[in-house]
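For reference, the structure is listed below as structure tokens.
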Amino acid sequence: MAFSVSEMSRRAFLGSAGGASLASTLPKFARAAAGTPRRVILDTDPGVDDAMAIFLALRSPEVKVEAITVVAGNVPLPLTLPNALRLVEIAGRPDIPVAAGASAPLIRRLVTAKYAHGNNGLGGVEFAEPKLKPVNESAVQLMSRVVHNNPVEITIVALGPLTNVATALVSEPSLASRIENIVVMGGSLTGGNITPAAEFNFYVDPEAARIVFDAGVPLTMVGLHVTSRVQMHDEQIRVLEAAQNPVSQAAGKIMRATLDRWQKERKITGFGMHDPLTMAYVIDPSILTLKDYYVQIETMGELTAGESVAYSRAPRLSPPLNSVAPVDETPEGEFRPNCRVAVEADADKFFHLLLSRLTAGS
Ligand code: BDR
Ligand code: CA
């Protein structure tokens with residue numbers, strides 16, 4: 263497919279209209295009118311924790327899910343797509359359009375995480391085939407149409423590799439100024455989970471992540487350094503299992519199967535709430551504390567592809583290896599962040615929200 267990783271240098275971006283306008287739009291997200299549901303598109307690769315996030319979104323009046331767009335990631339698209347459809351069906355929300363997206367990253371081969379999410383992406387728990395069908399539009403068409411028709415109204419909550427989001431931004435450059443915010447689960451300030459450098463979603467499609475971080479769109483990054491510290495254990499799964507509605511029952515089965523397998527195979531007793539914590543922030547921003555950063559995504563590194571390199575001050579470029587051009591030694595420029603990064607989470611508040619929403623109506 264035709265796409266180009268932004269050629270902008272860090273300094274060029276920081277001095278650009280995208281970089282400048284970002285700062286002025288950041289607070290808007292936090293100022294969303296109380297009582298008005300935040301309108302969201304979920305871009306997702308279900309995925310055990312994606313499933314929790316989707317259930318949470320669909321049972322929370324603070325958000326209105328306008329669409330679900332599906333991407334390959336935790337498992338291939340022929341599994342993530344029906345998984346999204348069955349989760350929507352279990353939640354009793356067939357009104358929500360679900361669209362098929364990319365089946366592979368922009369330029370790389372797909373790497374999945376079946377080891378974490380089970381062969382079917384839902385912890386190996388077998389659910390009935392969904393009756394619901396995806397809409398005729400592609401994920402990119404649906405995402406673009408919804409954003410275009412609702413300028414600066416839509417928050418994209420990206421819970422998988424950023425392939426769909428990047429493709430939409432590249433194929434329709436005017437989209438960037440129309441998105442209210444992209445809240446991304448991905449990256450890390452402290453090292454990865456799939457490699458020492460990279461978090462899974464960014465590792466799977468580093469070029470896509472780079473496009474999104476260079477696009478000048480208001481961005482919020484909820485990285486592994488925070489999400490992996492908020493883990494679901496037996497205690498919370500019991501609460502899900504005890505409740506008697508279809509969502510809590512499905513969520514309990516998925517989490518129980520996942521944790522049983524993890525315990526057996528890897529002696530691990532907790533599962534990081536990566537995607538639901540990201541979703542919870544959109545529902546209740548007080549769950550996360552954020553800090554401004556300038557984040558770049560590594561795409562060239564043989565061992566570090568997908569690493570999120572985060573600056574809390576103006577970045578300096580290292581001199582190019584083979585260039586005879588004079589080394590730029592001008593003093594540090596002005597710090598212009600491109601992203602708000604979660605630095606702390608209120609785990610108690612998060613679990614209260616997640617469990618009360620998933621078990622409601624039992
Ligand atoms: C992220 O990768 C996936 O395995 C999870 O669903 C989450 O989106 C965590 O690194
Ligand atoms: Ca995910």
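Read in the working numbering, the sequence shown has 544 at position 282, and its numbers run on one by one without any break.
Every residue gets a Cβ at the ideal spot worked out from N, C-alpha and C, and that includes glycine.
If you're wondering where the values come from, they're calculated on a predicted model, not measured in any experiment.
- Distance from the Cα of P396 is smallest, within the candidate group L451, R348, A459, A378, for R348.
- For L304, there is no enclosing alpha helix (DSSP H); the residue is part of the beta strand (DSSP E) that begins and ends at 300-306.
- With a cutoff of 7 Å, D467 does not count as near ligand 2, since its C-beta is closer than that to no heavy atom of the ligand.
- Residue environment: R500 is assigned as exposed (fewer than 16 neighbouring CB atoms within 10 Å of its CB, all protein chains considered).
- When K526, A471, F597, T374 are compared, the shortest CA-CA separation from A430 is found for A471.
- The region 423-437 and the region 518-537 do not touch, with fewer than 3 CB-CB distances between them shorter than 8 Å.
- Assignment of F464 by DSSP, reduced to helix, strand and coil, places it in the helix class.
- Contact annotation, V557 with N600: C-beta distance approximately 6 Å; criterion of less than 8 Å satisfied.
- Counting along the chain, no beta strand (DSSP E) covers N426; the unbroken alpha helix (DSSP H) around it starts and ends at 425-433.
- E606 is bridged by DSSP to T551.
- Residue environment analysis places G309 among the buried positions, since at least 16 neighbouring C-beta atoms fall within 10 angstroms of its C-beta.
- Comparing alpha-carbon positions, the option among P392, G385, E328, I330 lying closest to G514 turns out to be G385.
- Taking C-beta atoms as the reference points, T374 and V337 count as a pair closer than 8 Å.
- Between the region 398-408 and the region 452-466 there are fewer than three C-beta pairs closer than 8 Å, too few to call the two in contact.
- When secondary structure is reduced to three states using DSSP, N443 falls in the strand class.
- When C-beta atoms of the region 457-468 are compared with those of the region 498-512, fewer than three pairs fall below 8 Å, so the two segments do not count as touching.
- For G534, DSSP records a beta bridge to Q493.
- Cβ neighbours of L339 within its own chain (closer than 6 Å, five residues either side excluded): S365.
- Taking the Cβ of A604 as the reference point, every heavy atom of ligand 1 lies at 7 Å or farther away.
- A straight-line Cα-Cα distance of about 48 Å links G595 and N398.
- The straight-line gap separating the alpha-carbon atoms of A609 and V492 is approximately 6 Å.
- Less than 8 Å separates the beta-carbon of T331 from that of L404.
- Residue L481 holds the alpha-carbon nearest to the alpha-carbon of G448 among L481, L318, E442, K526.
- According to the DSSP assignment, T520 belongs to the alpha helix (DSSP H) that extends over 508-528.
- Taken from the Cβ of T342, every heavy atom of ligand 2 lies 7 Å or farther away.
- DSSP places T482 in the strand class (E or B) of the three-state scheme.
- DSSP places V408 in the helix class (H, G or I) of the three-state scheme.
- In the DSSP assignment, Q558 is bridged to V571.
- For A567, the Cβ stays outside the 7 Å cut-off from all heavy atoms of ligand 1.
- In this structure, DSSP gives K611 a helical state, which the three-state scheme calls helix.
- Under the criterion of beta carbons closer than 8 Å, E328 and I303 qualify as touching, at roughly 6 Å.
- In this structure, ligand 2 has a non-hydrogen atom nearer than 7 Å to the beta-carbon of N336.
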